[in-house]
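Engineer: Protein sequence lines, in the order shown, are assigned to chains R and U.
Terminal number for the first sequence in my numbering: 887, no gaps in between.
Terminal number for the second sequence in my numbering: 887, no gaps in between.
Please see the structure below; I have some questions.
Number of protein chains: 2
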Amino acid sequence: MSGRTDHTLVTLIPGDGIGPECVDAARRIVEATGAPIDWEEAEAGAEVFKKGLPSGVPPETMDSITRTRVALKGPLETPVGFGEKSANVTLRKLFETYANVRPVRELPGVTTTYSGRGIDLVMVRENVEDLYAGIEHMQTPGVAQCLKLISVKGSEKIARFAFEFARSEYRSSVACATKANIMKFTEGTLKRVFERVAPDYPELGSWHVIVDNCAHQLVKKPEQYDVIVTTNMNGDILSDLSSALVGGLGFAPSANIGNEIAIFEAVHGSAPKYAGKDVINPTAVILSAVMMLRYLEMFEEAEAIEHAVLVTLESGVLTGDVVGYDRGTPTTTYRDTIIGNLGKRTENWIVRDHRPLQLPVLDAAPDYVRPASRAVVGLDVFVESPLSAAELGASLMELTSDTRLSLKMISSRGTKVFPPTGAITDTLDHWRCRFIIKENPGDLPDEDVHQLLARISRRHMWMHTEKLQEFEGELGFTRDQGEN
Amino acid sequence: MSGRTDHTLVTLIPGDGIGPECVDAARRIVEATGAPIDWEEAEAGAEVFKKGLPSGVPPETMDSITRTRVALKGPLETPVGFGEKSANVTLRKLFETYANVRPVRELPGVTTTYSGRGIDLVMVRENVEDLYAGIEHMQTPGVAQCLKLISVKGSEKIARFAFEFARSEYRSSVACATKANIMKFTEGTLKRVFERVAPDYPELGSWHVIVDNCAHQLVKKPEQYDVIVTTNMNGDILSDLSSALVGGLGFAPSANIGNEIAIFEAVHGSAPKYAGKDVINPTAVILSAVMMLRYLEMFEEAEAIEHAVLVTLESGVLTGDVVGYDRGTPTTTYRDTIIGNLGKRTENWIVRDHRPLQLPVLDAAPDYVRPASRAVVGLDVFVESPLSAAELGASLMELTSDTRLSLKMISSRGTKVFPPTGAITDTLDHWRCRFIIKENPGDLPDEDVHQLLARISRRHMWMHTEKLQEFEGELGFTRDQGEN
């Protein structure tokens with residue numbers, strides 16, 4: 404921990420299980436390149452949870468990352484019975500590392516079904532929004548809800564980041580994978596923003612692909628992709644799918660990059676059963692350190708390590724996860740072989756050129772989108788009731804007949820059930836009741852919303868409301884299956 | 404359209420693009436087996452949309468399916484500019500076909516990266532709940548929301564269906580793939596229900612797998628899976644991933660099965676550019692018809708067609724999608740070859756035995772889960788504001804100081820930002836403000852909810868509320884990142 408002022412300080416989190424061995428290997432290899440880095444060791448994970456800290460991340464570690472702005476970390480465990488949230492996710496969210504970057508490339512000696520096809524792609528996954536926010540509410544005793552939230556600002560950050568990352572690696576295209584055909588507001592936001600910003604990167608090809616087709620294509624012809632940008636939950640699945648194309652989690656590095664802070668880590672878990680046995684594959688953390696060096700613009704050191712890893716793998720020095728744990732090269736030998744290969748260059752495998760990554764800077768104001776006009780045109784009230792749709796509909800119409808709103812329809816999980824449509828729909832005790840303002844055009848004041856809720860409360864239980872809004876004349880809500 | 408009373412009536416929807424050719428091939432092959440089926444042709448899709456019907460499904464088609472209870476259909480198109488919803492999805496939802504079944508098996512002559520590994524799995528995807536309900540609301544001009552709804556009843560239906568389907572095909576195991584580690588209420592519901600019902604099927608192995616790992620494993624070692632059951636959106640991705648393992652959409656049949664009605668269809672689209680050219684691959688619809696025959700317990704006819712398809716493919720008779728459109732067998736020749744091969748049996752490829760599928764029958768009452776005790780303990784109010792978190796927090800505390808609720812925290816997309824945590828969080832104009840009842844234990848009457856909303860309305864815009872409920876002493880809501 405020298406603190407020499409010409410050195411960059413990096414927070415080093417050994418983590419749990421096999422983490423310390425992986426992180427130690429990466430640290431020694433980085434040091435062997437002479438990269439001007441000083442390390443500040445910090446704690447997080449299982450031991451911290453067990454001390455009673457429900458986040459798994461102590462304030463000193465938060466302080467260290469806030470100061471150094473860069474962390475290299477091993478996997479963190481959330482021990483069963485301690486804490487509700489993953490410490491890995493906590494770090495990503497608290498430091499607004501909105502871009503999860505996972506390179507997926509074929510490596511020498513690591514044979515898979517796809518060997519020889521030259522897979523070399525990067526998955527860029529939005530890292531702080533979407534279902535991963537984990538905002539859940541039991542709507543009724545038997546119906547659970549999670550909110551999927553996607554913002555224009557968050558989408559613009561991740562879309563621009565993907566193009567900038569492609570530029571920094573001299574790549575040729577960015578594909579955007581969403582489910583915009585089913586979720587036109589949430590998933591559609593990323594698609595629309597992606598298509599809007601793409602012309603700012605004219606040297607890069609760009610196209611949109613439906614996310615399920617993207618999964619299909621990744622299995623069928625992964626070599627067609629260069630950079631893929633996607634939303635958080637879908638990206639979780641696509642990233643893990645992709646890492647399997649090239650040899651699994653032992654070789655899967657990742658970066659979590661925000662505009663202020665970046666955290667580099669392996670994708671794999673803490674694998675406690677292999678810990679301390681000098682048998683594990685530290686490549687994922689080593690390649691994460693390579694990503695970190697490039698982020699710090701230490702391009703020569705990064706390139707030296709990448710070449711040394713490729714030369715090592717080409718020479719057949721492979722860990723137990725690849726060749727079997729009875730025959731694998733010990734972790735420390737693997738590490739030292741890579742150190743010994745620093746300076747050598749592979750002739751057969753590509754190491755990309757890199758240039759500095761430009762992080763997108765957006766308008767910092769919270770109200771990122773400012774419409775010229777807007778109005779509240781109705782209210783969705785989610786009611787819990789054991790009544791039938793017809794009974795509930797009749798009751799709600801009676802209760803609200805003299806308000807400024809009228810009941811337009813009731814739906815069950817997105818399918819209209821009142822007025823009746825002739826469909827066969829299995830209903831639950833969870834009903835979405837849509838009320839629309841009678842005047843047209845209209846703009847509903849809150850007093851009328853409060854009155855409507857008070858009327859419904861006379862006879863029914865409601866647990867959730869959503870205002871129906873219009874922005875610049877466009878409906879800000881979807882219609883239900885069967886709704887006109 | 405004979406109407407012989409010993410025959411089963413099936414609604415036949417030719418659909419759009421290549422649909423009529425695929426459906427015609429399947430129909431003629433089924434007829435050639437002598438299966439006791441009469442067909443009732445019905446319309447849906449592009450032409451119906453263009454006539455101005457926004458669902459794409461005319462009442463006569465609804466009536467036909469309601470009467471016959473079984474449909475075989477081609478792909479339906481939603482022409483750009485007509486209708487907001489897919490007619491395929493409309494049919495699934497209006498008839499409560501809650502189980503989407505997609506078998507994925509290796510076929511002779513259809514070479515893929517995975518050939519020779521004996522892939523033979525079935526993806527069972529929940530088909531009517533989840534994000535696919537498409538319930539979206541713009542929360543602010545720049546923040547979109549989609550509701551992910553998962554019910555205990557829906558989960559029990561799909562979990563039991565998966566086990567029953569495995570039984571009907573004499574399979575050995577069912578894996579359940581969810582993201583329960585991040586979404587413990589929604590995704591967790593399927594996991595918990597699956598684990599609760601599994602002991603009712605003691606002859607079947609069962610285990611849970613995190614959905615991203617499932618995607619990884621499907622690429623790495625797909626032969627480990629037999630039946631996989633999963634939620635709707637994740638299942639969409641996993642299904643399309645899986646179909647690529649064995650040769651793509653031309654060979655991917657599917658069934659949408661509910662307790663009253665079943666709809667059999669290919670997974671592929673209408674591919675208009677190949678329509679009418681006698682070049683397309685009708686196998687997916689043919690194999691969908693095989694699934695239909697088994698559903699109708701016409702096991703011998705189903706087996707005869709499955710053998711004939713395998714014999715045809717083994718003999719090298721392959722359509723243009725497999726061998727190139729300049730060299731492919733015409734659709735009609737392919738169809739007639741299969742008809743000619745009826746009665747032949749393959750020696751090299753497995754055709755499974757089948758027994759009747761038992762559909763799970765559950766308590767029909769809408770209030771499927773009835774807790775012994777419950778209470779409302781607070782309210783989440785989602786506020787749109789250009790203020791900072793600190794300013795908004797101070798204002799809300801002042802406004803609500805003499806109510807029965809106190810402001811516990813404010814979060815931005817699931818990460819706590821007030822009281823301040825020291826985290827770096829990029830905030831938007833969308834804030835989730837959590838109010839908790841001051842008494843403990845307490846149960847908040849609606850009057851206090853209305854009063855709180857009225858207080859907030861004095862100075863701020865809110866667009867969404869969620870009651871915070873407890874059921875049998877368990878919290879019915881999640882905590883945020885950084886919340887104690």
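Beta carbons are placed, not taken as given, at the ideal position from N, Cα and C, and that holds for glycine.
1) Taking just the CA atoms, how far does Glu499(R) sit from Ala647(R)?
2) Return the chain-ordered ranges of every alpha helix (DSSP H) run that is complete within the region 411-469 of chain U and spans a minimum of 4 residues.
3) Check distances from the C-beta atoms of the region 525-552 of chain U to those of chain R and list, in chain order, the residues that come in under 7 angstroms.
4) Among Thr828(U), Glu717(U), Thr592(U), which has the Cα closest to the Cα of Gly885(U)?
5) Within 9 angstroms of any Cβ in chain U, is that where the Cβ of Thr881(R) sits?
6) When we look at the beta-carbon of Glu877(R) and count the other beta-carbons within 10 Å, is it buried (16 or more) or exposed?
7) What residue from Leu760(R), Asp533(R), Tyr771(R), Arg835(R) has the CA that sits closest to Met586(U)'s CA?
8) Specify the secondary structure class of Pro605(U) as computed by DSSP and reduced to three states.
9) Have a look at Ser860(R), Pro789(R), Leu847(R), Phe838(R) and flag the residue whose alpha-carbon is nearest the alpha-carbon of Leu831(R).
10) Answer with buried or exposed for Asp603(U), where buried requires no fewer than 16 other C-beta atoms within 10 angstroms of its C-beta.
11) So with CB distances below 9 angstroms, who are the chain R contacts of Leu884(U)?
12) Put Phe564(R) into one of helix, strand or coil per three-state DSSP.
13) Taking 9 angstroms as the threshold (beta carbon to beta carbon), is Leu871(U) in contact with chain R?
14) By Cβ distance, which residues of its chain are closer than 6 angstroms to Gln761(R), with the 5 residues on each side in sequence left out?
15) Among Glu704(R), His410(R), Pro423(R), which has the Cα closest to the Cα of Thr436(R)?
16) Would you give the residue range spanned by the beta strand (DSSP E) that Gln892(U) belongs to?
17) Going residue by residue through the region 644-713 of chain U, where are the continuous beta strand (DSSP E) segments of at least 3 residues, counting only ones entirely within it?
18) For Phe874(R), list the residues DSSP reports as bridge partners.
19) Can you give me, in chain order, the residues of the region 579-603 of chain U that have a beta carbon less than 9 angstroms from any beta carbon in chain R?
20) Nearest chain R C-beta to Val622(U) closer than 9 angstroms, yes or no?
21) Once the 5 residues before and after Gly418(U) are set aside, which same chain residues still bring their CB inside 6 angstroms of it?
22) Closest Cβ-Cβ distance between Phe874(R) and chain U: below 9 angstroms?
23) Could you tell me which of Ser609(U), Val725(U), Ala678(U) sits nearest to Gly653(U), measuring between CA atoms?
24) In three-state terms, what does DSSP make of Arg599(U)?
25) May I have the straight-line CA-CA distance separating Ile689(U) from Arg431(U), to the nearest angstrom?
26) Does the structure place the region 502-509 of chain U close enough to the region 527-546 of chain U that three or more beta carbon pairs sit under 8 angstroms?
27) As a quick exercise: from Phe785(R), Ser814(R), Ile840(R), Ala826(R), pick the residue whose alpha carbon is nearest that of Thr806(R).
28) Verify whether the separation of the beta carbon atoms of Ala580(U) and Ile613(U) is less than 9 angstroms.
29) Please tell me whether Arg816(R) has its Cβ less than 9 angstroms away from any Cβ of chain U.
30) Name the residue from Ala565(U), Cys617(U), Phe588(U) whose alpha carbon lies nearest to the alpha carbon of Val600(U).
31) Going by beta-carbon coordinates alone, are Glu444(U) and Leu415(U) separated by less than 9 angstroms?
32) Should Arg882(R) and Ser798(R) be called a contact, given that it needs their Cβ atoms to be closer than 9 angstroms?
33) Considering Cα atoms alone, identify which of Ser691(R), Glu509(R), Arg858(R), Glu606(R) is closest to Leu810(R).
34) My assumption, with CB atoms under 8 angstroms, is that Ser558(R) sits in contact with Thr592(R). Please give the rounded CB distance.
35) Could you name the residues of the same chain whose beta carbon sits closer than 7 angstroms to that of Leu855(U), not counting the 5 residues immediately before and after it, in chain order?
36) Does DSSP classify Asn744(U) as helix, strand or coil?
Structural biologist: By the coordinates alone:
1) Counting from 1 along the first sequence, the entry for residue 647(R) is found at position 244. Counting from 1 along the first sequence, the entry for residue 499(R) is found at position 96. Taking the straight line joining both Cα atoms gives about 28 angstroms.
2) Runs found: 422-435, 449-453.
3) Residues of the region 525-552 of chain U with a C-beta atom less than 7 angstroms from some C-beta of chain R are Val531, Glu532, Leu534, Tyr535, Ala536, Gly537, Ile538, Glu539, His540, Met541, Pro544, Gly545, Val546, Ala547, Gln548, Cys549, Leu550, Lys551, Leu552, listed in chain order.
4) One-based indexing of the second sequence puts residue 885(U) at position 482. Looking at Thr828(U), Glu717(U), Thr592(U), the one whose alpha-carbon comes closest to that of Gly885(U) is Thr828(U).
5) On the first sequence, residue 881(R) is found 478 positions in, with the first residue counted as 1. Closer than 9 angstroms: yes.
6) Locating residue 877(R) in the first sequence gives position 474, counting from the first residue. Answer is exposed; the Cβ neighbour count stays below 16.
7) Reading the second sequence from its first residue, position 183 is the one you call residue 586(U). If we check each option's Cα against that of Met586(U), Asp533(R) comes out closest.
8) Along the second sequence, one-based indexing puts residue 605(U) at 202. Here Pro605(U) carries a coil assignment [DSSP, helix/strand/coil].
9) Translated into positions along the first sequence, residue 831(R) becomes position 428. Looking at the Cα atoms, Pro789(R) is the closest of the given residues.
10) The residue given as residue 603(U) occupies position 200 in the second sequence. Under this definition Asp603(U) is an exposed residue.
11) Against the second sequence, residue 884(U) aligns to sequence position 481. Note on residue identity: the sequence assigns Gln, not Leu, to residue 884(U). Per Cβ cutoff of 9 angstroms: Ser458, Lys488, Val492, Thr493, Lys496, Leu497, Ala536, Gly537.
12) Here residue 564(R) corresponds to residue number 161 of the first sequence, with the count starting at 1. Helix at Phe564(R).
13) Walking along the second sequence from the start, residue 871(U) turns up at place 468. For Leu871(U), the nearest CB of chain R lies under 9 angstroms from its own CB, placing it at the interface with that chain.
14) Position 358 of the first sequence holds residue 761(R). Around Gln761(R): Glu567.
15) For the purposes of this step, residue 436(R) is taken as the residue at position 33 of the first sequence. The closest CA to that of Thr436(R), considering only Glu704(R), His410(R), Pro423(R), is found on Glu704(R).
16) Because chain U here runs from 404 to 887, residue 892(U) falls outside it and cannot be looked at.
17) Those beta strand (DSSP E) runs which fall completely within the region 644-713 of chain U and span 3+ residues are 656-660, 665-669.
18) Counting from 1 along the first sequence, the entry for residue 874(R) is found at position 471. For Phe874(R), DSSP records a beta bridge to Arg777(R), Glu877(R).
19) Residues passing the 9 angstroms Cβ filter: Lys582, Asn584, Ile585, Met586, Lys587, Phe588, Thr589, Glu590, Gly591, Thr592.
20) On the second sequence, residue 622(U) is found 219 positions in, with the first residue counted as 1. True, the Cβ-Cβ gap to chain R drops below 9 angstroms.
21) Counting from 1 along the second sequence, the entry for residue 418(U) is found at position 15. If we look at Gly418(U) and ignore the five residues flanking it on each side, its Cβ neighbours are Gly448, Lys476, Gly477, Pro478, Leu479.
22) Here the question's residue 874(R) lines up with position 471 in the first sequence. At least one chain U Cβ lies under 9 angstroms of Phe874(R).
23) Locating residue 653(U) in the second sequence gives position 250, where the first residue counts as 1. Checked all of Ser609(U), Val725(U), Ala678(U); the closest Cα to Gly653(U) is Val725(U).
24) Locating residue 599(U) in the second sequence gives position 196, where the first residue counts as 1. It is helical.
25) Here residue 689(U) refers to the residue found at position 286 when the second sequence is read from its first residue. Here residue 431(U) refers to the residue found at position 28 when the second sequence is read from its first residue. When rounded, the distance between both Cα atoms is 10 angstroms.
26) By the Cβ test, the region 527-546 of chain U is in contact with the region 502-509 of chain U, since at least three Cβ pairs between them sit closer than 8 angstroms.
27) Counting from 1 along the first sequence, the entry for residue 806(R) is found at position 403. Selected option, being the one with the closest Cα: Ile840(R).
28) In the second sequence, the residue the question calls residue 580(U) occupies position 177. In the second sequence, the residue the question calls residue 613(U) occupies position 210. In contact: Ala580(U) and Ile613(U) (Cβ atoms closer than 9 angstroms).
29) Numbered from 1 along the first sequence, position 413 holds the residue referred to as residue 816(R). Chain U, which has a Cβ nearer than 9 angstroms to the Cβ of Arg816(R), makes this yes.
30) Position 197 of the second sequence, counted from the first residue, corresponds to residue 600(U). Measuring from the Cα of Val600(U), the nearest candidate turns out to be Ala565(U).
31) Taking the second sequence and counting its residues from 1, the one referred to as residue 444(U) is at position 41. Taking the second sequence and counting its residues from 1, the one referred to as residue 415(U) is at position 12. Yes, these two residues count as a Cβ contact at 9 angstroms.
32) Along the first sequence, read from residue 1 onward, the residue named residue 882(R) stands at position 479. Along the first sequence, read from residue 1 onward, the residue named residue 798(R) stands at position 395. Contact: no.
33) Mapped onto the first sequence, residue 810(R) falls at position 407. Of the candidates Ser691(R), Glu509(R), Arg858(R), Glu606(R), the one whose C-alpha sits nearest the C-alpha of Leu810(R) is Arg858(R).
34) Numbered from 1 along the first sequence, position 155 holds the residue referred to as residue 558(R). Numbered from 1 along the first sequence, position 189 holds the residue referred to as residue 592(R). The Cβ separation is near 5 angstroms, so the contact holds.
35) Within the second sequence, residue 855(U) is the residue found at index 452, counting from 1. Cβ neighbours of Leu855(U) beyond the five flanking positions: Leu782, Thr803, Thr806, Leu808, Phe838.
36) Indexing the second sequence from 1 puts residue 744(U) at position 341. Three-state result, Asn744(U): coil.
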